[in-house]
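Here the numbering used here is used: the first residue of the sequence shown is 205, the next is one more, and so on.
Even glycine gets a Cβ: it sits at the ideal position worked out from N, Cα and C.
Structure first, commentary second.
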Amino acid sequence: MSPRRVTIDQTHLRGHVTGIERVARDLFAPERLSPHPVRLVRSPSLARMILAQQVGLPLRGMADRSGLYLFPGFPPGPLCALIGTRCILYVHDTFLITRPRDLSWKSRLYMAPSFRLAMRYGRRFLVNSHTTGEALRAVCAPDALVALLRPSVADVFGLSGSAGPAPYRAGEPLRLLAIGTIEPRKDYPAALALAAALNAAGVAAELHIVGRVGWGRHAFLDAPPPFLTLHGYVDDAALRRLAESCHALVSTSKAEGLGLPLLEVQHGGLPVIAPEGAVFSEVLGGSGLFIRPEDPQGSAARLIDWLGTGTLDAAARAARRNVARWNALAAGDAERFRHFLAAGPSAYAAAGTVPPP
Numbered sequence: 205m206s207p208r209r210v211t212i213d214q215t216h217l218r219g220h221v222t223g224i225e226r227v228a229r230d231l232f233a234p235e236r237l238s239p240h241p242v243r244l245v246r247s248p249s250l251a252r253m254i255l256a257q258q259v260g261l262p263l264r265g266m267a268d269r270s271g272l273y274l275f276p277g278f279p280p281g282p283l284c285a286l287i288g289t290r291c292i293l294y295v296h297d298t299f300l301i302t303r304p305r306d307l308s309w310k311s312r313l314y315m316a317p318s319f320r321l322a323m324r325y326g327r328r329f330l331v332n333s334h335t336t337g338e339a340l341r342a343v344c345a346p347d348a349l350v351a352l353l354r355p356s357v358a359d360v361f362g363l364s365g366s367a368g369p370a371p372y373r374a375g376e377p378l379r380l381l382a383i384g385t386i387e388p389r390k391d392y393p394a395a396l397a398l399a400a401a402l403n404a405a406g407v408a409a410e411l412h413i414v415g416r417v418g419w420g421r422h423a424f425l426d427a428p429p430p431f432l433t434l435h436g437y438v439d440d441a442a443l444r445r446l447a448e449s450c451h452a453l454v455s456t457s458k459a460e461g462l463g464l465p466l467l468e469v470q471h472g473g474l475p476v477i478a479p480e481g482a483v484f485s486e487v488l489g490g491s492g493l494f495i496r497p498e499d500p501q502g503s504a505a506r507l508i509d510w511l512g513t514g515t516l517d518a519a520a521r522a523a524r525r526n527v528a529r530w531n532a533l534a535a536g537d538a539e540r541f542r543h544f545l546a547a548g549p550s551a552y553a554a555a556g557t558v559p560p561p
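Laid out in structure tokens, this is it:
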């Protein structure tokens, strides 16, 4: 089959690029989709973004009867139902309809309704993990194609050349790093409770949070505890220095579609502490320490036991092996997706899809 034109919605990419947006940009970069010609659609403003997603892109799709239309960020407008199977949505998670209480009012007003409609008329979906795919299967049409396209994880912070995380010595502060926008879904109060429980148990602990303040009310910002350092947004070089000074990355997120920072820091061998749950097990394999954020005392005890066994060096080696494992899986997904662009759904006849339950 001859190359097919691929139009990619990048109207949501403006200014600072988040981790999810970086995936959307890099995973579908024109050079990665060669030899298929790629047209990127951008917008200078929020109003123009909405106009393009709701009207402009659907009209282009109806006029262009052979091209594919890919939405790697925001869900498409309902008129994209007229494009049929040539409309492809990349799904990072299903929070827009499964966790409405953790959404900002903008997401509730604009993104969630579009996502619900896409679940009704969409027939082509790409997902970033098995966990996301299984969650999507519960809400999309039974006959839809749900294909894995796990993103490769680049060493964006330049950690692969580092000697590894800071060595931990008993009696010295345990420095925990958390990365992500301060918003309800990240559940930073649980991370604070874990650090407080460690201090109460006699293990001096510091919590370093890197991320902008997003939506929602966060009482801990008004009176931060002494063990908390808020770094706000930092550039990659500053985050690298901070990661090299910390002993582990901690996530207490209520849910994730993937949890990109968990893999990104593993290039530097930083051990990862994450909640028990399907997506965290899928992403980390056996390389992480799994805790229950709702039980800070029990989680602190588990972490103290972990430190006591001297496993940080082994955890650092396991972290690097794990990110290599993930990238090998992502490379296979990328190859199947390139075959899909040329051959259609038959590319997924053998592997790479999430089957209906």
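Own chain partners of residue i with C-beta closer than 7 Å, once the 5 adjacent residues on each side are dropped
i    : result
Q257 : D213, T215, F278, P280, G281
A285 : Y325
K390 : G384, S457
L533 : R354
F232 : I212, L274, P276
W419 : S308, E387
G436 : R416
L467 : V357, V487, V527, W530
A322 : P279, P280, L293
For residue j and residue i, believed in contact at Cβ under 8 Å, the rounded distance
i    : j    : result
A478 : L488 : 6 Å
N526 : V357 : N526 to V357, Cβ: 10 Å. No contact.
R540 : Y552 : 6 Å
F319 : L307 : With a Cβ gap of about 11 Å, F319 and L307 do not count as contacting.
L237 : L464 : No, L237 and L464 are not in contact; Cβ-Cβ is about 21 Å, not under 8 Å.
L244 : P262 : That belief does not hold up - the Cβ atoms of L244 and P262 are roughly 17 Å apart, past 8 Å.
H334 : E486 : 6 Å
E225 : V558 : Contact flag wrong, Cβ pair sits at about 24 Å.
V454 : L398 : 7 Å
Q501 : A401 : 5 Å
R183 : L217 : As displayed, the chain neither begins before 205 nor continues past 561, which places residue 183 out of reach and without an answer.
Residue i beta carbon near the ligand SAH (any heavy atom closer than 8 Å)
i    : result
S206 : Annotation note on the ligand SAH: not contained in the displayed structure, which lists no ligands.
Min CB distance residue i to chain D below 9 Å
i    : result
F232 : Here chain D cannot be found, since the structure has a single protein chain.
Chain-order list of residues whose beta-carbon lies under 6 Å from that of residue i (same chain, five-residue window excluded)
i    : result
A405 : A504
E448 : S366
A374 : none
A351 : L330, Y552, G556, T557
R209 : P241, G271
S491 : A522, A523, N526
A228 : P276, G277
I287 : G265, Y273
L493 : I477, W510
V438 : V414
Sequence-distant residues of its chain with Cβ nearer than 8 Å to residue i (five each side left out)
i    : result
A535 : S356
A370 : R379, E448, S449, C450, H451
N403 : A409, F431
I292 : L272, Y273, L274, F275, R328, F329, L330
V565 : Residue 565 is absent from the model: the chain starts at 205 and stops at 561.
F424 : Y392, P393, L396, L432
I508 : L402, A405, V407
Identified DSSP bridge partners for residue i
i    : result
Y294 : L330
F275 : L293
T557 : A351
L244 : I212
G436 : V414
Exercise. Counting pairs of Cβ atoms below 8 Å between the segment 347–359 and the segment 298–313, do you hit three or more?
Worked result: no
Problem set entry | Runs of alpha helix (DSSP H) wholly within the segment 338–364 (minimum 4 residues, chain order) | none
For this session: Flag this pair as touching only if the segment 385–399 and the segment 259–274 have three or more C-beta atom pairs under 8 Å; answer yes or no.
Result: no
Exercise. Using 8 Å as the Cβ pair cut-off and three pairs as the minimum, do the segment 294–309 and the segment 454–465 touch?
Worked result: yes
Problem set entry | At least three beta-carbon pairs within less than 8 Å, the segment 430–438 to the segment 404–413 | yes
Problem set entry | Cβ contact check for the segment 472–486 and the segment 519–526: 3 or more pairs under 8 Å | yes
Exercise. Where are the alpha helix (DSSP H) runs, 4 residues long or more, that stay fully inside the segment 440–498, in chain order?
Worked result: 440–449, 464–468, 482–488
For this session: Pick out the complete beta strand (DSSP E) segments inside the segment 364–422, 3 residues or longer, and give them in chain order.
Result: 378–383, 409–414
For this session: Evaluate contact between the segment 357–376 and the segment 440–450, counting only Cβ atoms and requiring at least three cross-stretch pairs below 8 Å.
Result: yes
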